[in-house]
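Report on the following structure.
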Amino acid sequence: MEPLIVLLAVTFGLLLIGAFGVRALRRIPTALRGGLSAMFTLTGVSHFIGMREEMIAMVPDVVPSPEIAVTLTGVAELAGAIGLLIPRLALPAASGLALLLIGVFPANVALALSDQPLPWFDQLLWRALLQLIFLAATTTVVIDRYRAWRSSRRSS
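Numbering (the working numbering), first residue to last: 793 to 948.
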């Protein structure tokens with residue numbers, strides 16, 4: 793639930809700043825880059841502090857080393873969060889994060905289908921909906937940055 797709150801709060805906060813005069817933040821894809829960066833910073837840090845053991849426990853059994861998988865996905869999320877803030881790196885960062893969201897979805901399914909008692913926001917339908925929201929946000933950035941890249945190639 794916290795990642796969604798951070799994504800929405802930061803994105804809308806940046807859009808509000810844009811409405812009050814910072815022209816660069818008036819565009820939704822630009823504000824989304826900031827919101828996604830904040831969200832992936834939160835989730836990336838949680839791979840190391842606070843929720844590490846829970847994340848290791850939710851890695852499907854087919855993954856040979858859950859500790860390494862959690863470490864690598866945490867590093868990828870933090871690197872992607874930084875990359876989103878650098879216009880020249882935003883396209884590969886958003887693309888990589890979109891692929892990461894798809895790649896970690898089986899862990900979300902495994903947790904939701906486990907025998908553990910889970911709150912409503914950890915149920916499969918809610919987790920799937922959140923993943924779709926996050927994937928839509930990263931895809932919006934990918935499309936925007938791809939168009940900018942293509943446009944700059946035509947003009948040069």
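Note that the Cβ used here is the ideal one computed from N, Cα and C, for glycine as well.
Between the stretch 872-883 and the stretch 842-854, do at least 3 Cβ pairs fall closer than 8 angstroms? Contact fails: fewer than three Cβ-Cβ distances are below 8 angstroms.
Where Met949 falls: helix, strand or coil (DSSP): Outside the displayed span of the chain (793 to 948) sits residue 949, for which this structure offers no information.
Closest to Leu828 by CA distance: which of Arg939, Pro898, Trp941, Val933 is it? With respect to the C-alpha of Leu828, the residue from Arg939, Pro898, Trp941, Val933 having the closest C-alpha is Val933.
Beta-carbon spacing of Val851, Pro858 below 8 angstroms: Yes, they are a contact pair.
Inspect the beta-carbon positions of Leu916 and Leu924 and report whether they are closer than 8 angstroms. The Cβ atoms of Leu916 and Leu924 lie no closer than 8 angstroms to each other.
Can you tell me the Cα-Cα spacing of Val896 and Trp918, whole angstroms? C-alpha of Val896 to C-alpha of Trp918: approximately 15 angstroms in a straight line.
Straight-line CA distance for Gln908 to Trp941? The straight-line gap separating the alpha-carbon atoms of Gln908 and Trp941 is approximately 46 angstroms.
Given a threshold of 16 other Cβ atoms within 10 Å of its Cβ, counted over all protein chains shown, does Leu864 qualify as buried or as exposed? So Leu864 ends up on the exposed side.
Proximity of Ala890 and Thr931 at Cβ, strictly below 8 angstroms: Taking C-beta atoms as the reference points, Ala890 and Thr931 count as a pair closer than 8 angstroms.
Helix or strand or just coil, what does DSSP make of Arg819? The DSSP-derived three-state label of Arg819 is coil.
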